[in-house]
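Colleague:
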């Protein structure tokens, strides 16, 4: 069901299934939109982002801030990495 308070979803059925399985709205939308085109393969390895373990705590904190992860100011490096990966 379309909601005027959210971005457009390209594959509504996938979005709803992911939401029912407990995925956040953001995560469900990203996956549903990535899978909407036959020429897209979201499960394939993509860009050349650096390994999170190679980043400094300040870099990880900045990324957590971009993702609006709660409690980031009290997290150590390993917890920040885990929070970013599971966002």
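Residue numbers (the UniProt record's numbering): 1 to 87. The beta-carbon is built from N, C-alpha and C at its ideal position, and this holds for glycine as well. All values derive from a computational prediction rather than experimental measurement.
Would you decide whether residue 62 is buried or exposed? Buried here means 16 or more other CB atoms lie within 10 Å of its CB.
Modeller: Here residue 62 is taken as the residue at index 62 of the chain shown, counted from 1. With fewer than 16 other Cβ atoms within 10 Å, it is exposed.
Colleague: Can you give me the C-alpha to C-alpha distance between residue 71 and residue 14, rounded to a whole angstrom?
Modeller: Here residue 71 refers to the residue found at position 71 when the chain shown is read from its first residue. Here residue 14 refers to the residue found at position 14 when the chain shown is read from its first residue. In a straight line, the C-alpha of residue 71 is about 30 Å away from that of residue 14.
Colleague: Alpha carbons only, please: which of 86, 85, 60 is nearest the one belonging to residue 74?
Modeller: Translated into the one-based positions of the chain shown, residue 74 becomes position 74. Taking only the C-alpha atoms, the option nearest residue 74 is 60.
Colleague: Classify residue 67 as buried or exposed, calling it buried when 16 or more other Cβ atoms lie within 10 Å of its own Cβ.
Modeller: Start at 1 with the first residue of the chain shown, and residue 67 comes out as number 67. Counting Cβ neighbours within 10 Å, residue 67 comes out exposed, since fewer than 16 surround it.
Colleague: In three-state terms, what does DSSP make of residue 9?
Modeller: Along the chain shown, one-based indexing puts residue 9 at 9. Here residue 9 sits in coil by DSSP.
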